[in-house]
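Residue numbers (the numbering used here): 735 to 914.
Quick reminder that beta carbons are idealized off the backbone N, C-alpha and C, glycines included.
This report concerns only the one structure given below.
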């Protein structure tokens, strides 16, 4: 019979046994391995979930922007300059709150934890924008339509075309060239 790796199965098997478990015993080591494995899996799940949420934050922002603004509702596609402006708006979404926090803080006092978190987010977003941020291709008519109708799930985002846009880009990348 193969060894169980799942924590639920290991605890179920161990609950059937009678008596106490010895610290250096086989069953204790099996339970310890299963617990560590379960902990590691949960940490990985949480990390990937947070990463997906961070990637989708700009997609949510762009969807809200093009659906709520009257000027953008009728527009079918957007230029690179407009996409760059949208990204700048996304990066500056915490500017008002940061200004309030800076104004509320007395001189000589350390920054609040909320202010430090927001400053780190803005710094990270600016650094990502300098190297290239992954956004839906708003120059593509189909992608704009799909973004307007997007339901907010990660699976729904897979049907959109994405491009990497950096701060110093002057035009969209051309078609991919196959290396020989």
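Any chance you could list the alpha helix (DSSP H) runs of at least 4 consecutive residues sitting entirely within the stretch 809-858, in chain order?
814-825 and 829-838
Run through DSSP, which three-state label would residue 895 get?
Translated into positions along the chain shown, residue 895 becomes position 161. Here residue 895 sits in coil by DSSP.
With which residues is residue 868 paired in a DSSP beta bridge?
The residue labelled residue 868 in the question sits at position 134 within the chain shown. Bridge partners of residue 868: 898.
What does the Cβ neighbour count give for residue 934, buried or exposed, with the cut at 16 atoms within 10 Å?
This structure does not reach residue 934, given that the chain is present from 735 up to 914, and the question cannot be answered.
Looking at residue 901 and residue 864, is the spacing between their C-beta atoms short of 7 angstroms?
What you label residue 864 is simply residue 130 of the chain shown in a count that begins at 1. What you label residue 901 is simply residue 167 of the chain shown in a count that begins at 1. Result yes, Cβ atoms of residue 864 and residue 901 sit closer than 7 angstroms.
Tell me whether the beta-carbon of residue 860 lies closer than 7 angstroms to the beta-carbon of residue 801.
The count along the chain shown starts at 1 and reaches residue 860 at position 126. The count along the chain shown starts at 1 and reaches residue 801 at position 67. Not a contact, by the Cβ cut-off of 7 angstroms.
At what residues does the alpha helix (DSSP H) containing residue 787 begin and finish?
Numbered from its first residue, the chain shown carries residue 787 at position 53. Unbroken alpha helix (DSSP H) run through residue 787: 760-802.
Counting pairs of Cβ atoms below 8 angstroms between the stretch 789-801 and the stretch 768-778, do you hit three or more?
As far as the Cβ criterion goes, the stretch 789-801 does not touch the stretch 768-778, which means the pair count is below three.
What span of residues does the alpha helix (DSSP H) with residue 925 cover, start to end?
The structure shown does not extend to residue 925, since the chain is modelled only from 735 through 914, so no value can be given for it.
State the start and end residues of the unbroken alpha helix (DSSP H) segment that holds residue 876.
Here residue 876 is taken as the residue at index 142 of the chain shown, counted from 1. Start and end: 875-883.
So what's residue 754 in DSSP terms, helix, strand or just coil?
Within the chain shown, numbered from 1, the residue matching residue 754 stands at position 20. Here residue 754 sits in coil by DSSP.
Which of the three DSSP states, helix, strand or coil, is assigned to residue 890?
Position 156 of the chain shown, counting from 1, holds the residue named residue 890. Helix, per DSSP.
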